[in-house]
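In our numbering, the protein residues as written are -4 to 354.
Just so it is clear, CB atoms sit at the ideal spot from N, CA and C, and this is done for glycine as well.
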Amino acid sequence: MKHLIDPTDLTVEETQEIIDLALDIIANRAKYSEKCKGKKLATLFYEPSTRTRLSFTAAMMELGGNVLGFADAASSSVSKGETVRDTVRVVENFADIIAMRHFLEGAQLAATEVSRVPIINAGDGSHAHPTQTLTDLLTITRELGRLDNLTIGFCGDLRFGRTVHSLIKALSRQKGIKIVLIAPPQLRLPDYIKQDVCDRLGLEYKEVDTLEEAMPELDVLYMTRVQKERFLDEDEYEAVKDSFVLDSEKMKLAKEKMAVLHPLPRVNEILEEVDSDPRAAYFRQVENGKFVRMALISSLLDWKDDPNHQMPKQEEVEVPGHLRCENKKCITRNEKSPRRAYKAPDGSLRCRYCDHKFK
Ligand code: CP
């Protein structure tokens, strides 16, 4: 069975298959209106969402299926202490496929350990957001006509930005990608992405201090919000919240054929005056999210019993008894879980659920 927990759970070919299917859905909407008739999607959202939850709901409705679930953990038995694994053991009796957002990193991987139905990660803490990545890949394809030979600038919160982490991982598998990182020192890209993804796979990247410096060479500018909810210290958030703001003046420095993406919501990092620029693709990106989720739901249901579409085999190593994951927001620090680890290129042991080091 195929789940989607990390963008690399899909092969490059499967990813392309989903993007191609989304393009066909866009061109032939009526053809898919009963594709998932009689099927049910459960949306289990333990964290706020507008786009992801509603686009999953709209996607399943447009496929002729039904949706059930909760938008707030407080209204479910999670508030009584039910674990993620137990919740999934219950919900799999009611639904054919589950999309889950959780504030704990690795929660959806934990769900796959017990689930009899496909699990889709709709965002886990600061870790990963693979369906946003599919949305971004479809948007880049539609805006620029290709996914290779691109220079992509990532701006804002690259430390806690799960959409950034997942998109960099996916892009590392395309040819001719260069990455420009634009972030204050406190919000730089985590080492595990720099070392395990960029360095190991030879993805070219550089860090610059200003948007002005980066603009002229970019094919895609990926803006992100500085996420107040991820900071433990409010002063730290206040110090960096207005670091980078995209306005019409900075857009004058960009290529004529460039695309500005943003997973949204935005706060003030893109001024509204940019919205009317034809290169501002972030609201078109939202609509692409629905189409690509239609393609994903349909594919995961079709692939459920197909031996050609299985989860990738990942090597794991034994963890010495005294070590535990250093990340307090990891599922393993909050719910009883096995200690699963892999060896990073620098020899350190990293947690399979959240990619943080063991200490
Ligand atoms: N892009 C995104 O994940 O938006 P929501 O938080 O509104 O789902």
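Rounded to a whole number of angstroms, what is the C-alpha to C-alpha distance between residue i and residue j?
i    : j    : result
G38  : D300 : The question names Gly, but residue 38 is Thr in the sequence shown. When rounded, the distance between both Cα atoms is 22 angstroms.
M55  : G284 : 12 angstroms
E57  : A25  : 9 angstroms
F239 : C320 : 33 angstroms
E42  : I292 : 21 angstroms
V175 : L198 : 11 angstroms
E264 : T219 : 7 angstroms
R347 : M289 : 28 angstroms
K189 : A178 : 14 angstroms
S343 : F353 : 8 angstroms
T3   : L241 : 31 angstroms
S110 : E229 : 38 angstroms
K245 : L5   : 36 angstroms
R334 : E208 : 44 angstroms
R96  : D272 : 32 angstroms
P302 : D204 : 48 angstroms
V112 : I135 : 30 angstroms
M372 : E251 : The chain is shown only over -4 to 354; residue 372 falls outside these bounds and no answer can be derived.
V85  : R48  : 20 angstroms
C31  : E233 : 46 angstroms
V235 : K173 : 26 angstroms
R345 : D191 : 11 angstroms
Contact defined as beta carbons within less than 8 angstroms: I believe residue i pairs with residue j. What is the distance between those atoms, to the nearest angstrom?
i    : j    : result
D350 : Y187 : 5 angstroms
R279 : M253 : The pair is not a contact, with the Cβ atoms about 14 angstroms apart (cut-off 8 angstroms).
L132 : I20  : So it is not a contact: roughly 15 angstroms between Cβ atoms.
L213 : G148 : 4 angstroms
A106 : R80  : 7 angstroms
Q127 : S167 : Rounded, the Cβ-Cβ distance is 16 angstroms, inconsistent with contact.
Q169 : L196 : No, Q169 and L196 are not in contact; Cβ-Cβ is about 11 angstroms, not under 8 angstroms.
V287 : T130 : 5 angstroms
T45  : P258 : Not confirmed; about 11 angstroms, so no contact.
L153 : V215 : So it is not a contact: roughly 15 angstroms between Cβ atoms.
V314 : A339 : Wrong, their Cβ atoms sit about 13 angstroms apart, outside the cutoff.
Label residue i either buried or exposed according to how many other C-beta atoms from any shown protein chain fall within 10 Å of its C-beta, with 16 as the threshold for buried.
i    : result
F89  : exposed
S70  : exposed
P180 : exposed
P185 : buried
V312 : exposed
G171 : exposed
E60  : Before going on, a small fix: residue 60 reads as Gly here, not Glu. Counting Cβ neighbours within 10 Å, G60 comes out buried, since at least 16 surround it.
E87  : buried
Q222 : buried
A22  : exposed
Q309 : exposed
S403 : Not covered by the structure: residue 403. The range shown for the chain is -4 to 354.
G140 : exposed
L256 : buried
V262 : exposed
Near residue i, which residues of its chain fall below 6 angstroms by C-beta distance, leaving aside the five closest residues on each side in sequence?
i    : result
I94  : The residue asked about is misnamed: residue 94 is Ala in this sequence, not Ile. Once the five neighbours on either side are set aside, the close Cβ partners of A94 are T38, F51, I115 and A117.
L318 : F353
P211 : L248
A53  : K285
F65  : S71
H124 : G118, R157, T158 and S161
For residue i, collect the residues of the same chain with a Cβ closer than 8 angstroms to its Cβ; drop the 5 residues on either side in sequence, then sort them by chain order.
i    : result
E8   : none
E231 : Q181
K324 : F98, L99, E100, G120, S121 and C349
K331 : T78
L266 : V240, L241, D242 and S243
S28  : E57, L58 and G59
I296 : Before going on, a small fix: residue 296 reads as Leu here, not Ile. So the qualifying residues of the chain are C31, K34, D91, I92 and P113.
Short of 7 angstroms in beta carbon distance, which residues of its chain neighbour residue i, apart from the five on each side in sequence? Order them along the chain.
i   : result
A68 : Y41 and S74
Considering only heavy atoms of the ligand FAD, does any lie closer than 7 angstroms to the CB of residue i?
i   : result
S44 : In terms of ligand content, the structure shown lacks the ligand FAD and carries the ligand CP instead.
* Jot down the residue ranges of each uninterrupted alpha helix (DSSP H) in the stretch 212 to 269, minimum 4 residues, whole runs only, in chain order. => 229 to 235 and 243 to 246
* In chain order, which beta strand (DSSP E) runs of at least 3 residues are fully inside the stretch 6 to 49? -> Whole beta strand (DSSP E) segments, 3+ residues: 35 to 40.
* **Within the stretch 156 to 185, ranges of the alpha helix (DSSP H) (whole runs, at least 4 residues)** => Entirely contained in the stretch 156 to 185, the alpha helix (DSSP H) runs reaching 4 residues are, in chain order, 157 to 166.
* Asked: Hey, which unbroken runs of the alpha helix (DSSP H) at 4 residues or more fall wholly within the stretch 269 to 328?
  -> 277 to 298
* To do: Give, in chain order, every unbroken run of the alpha helix (DSSP H) that is at least 4 residues long and sits entirely within the stretch 49 to 111.
  => Fully enclosed alpha helix (DSSP H) runs of no fewer than 4 residues occupy 79 to 86 and 102 to 107 of the stretch 49 to 111, in order along the chain.
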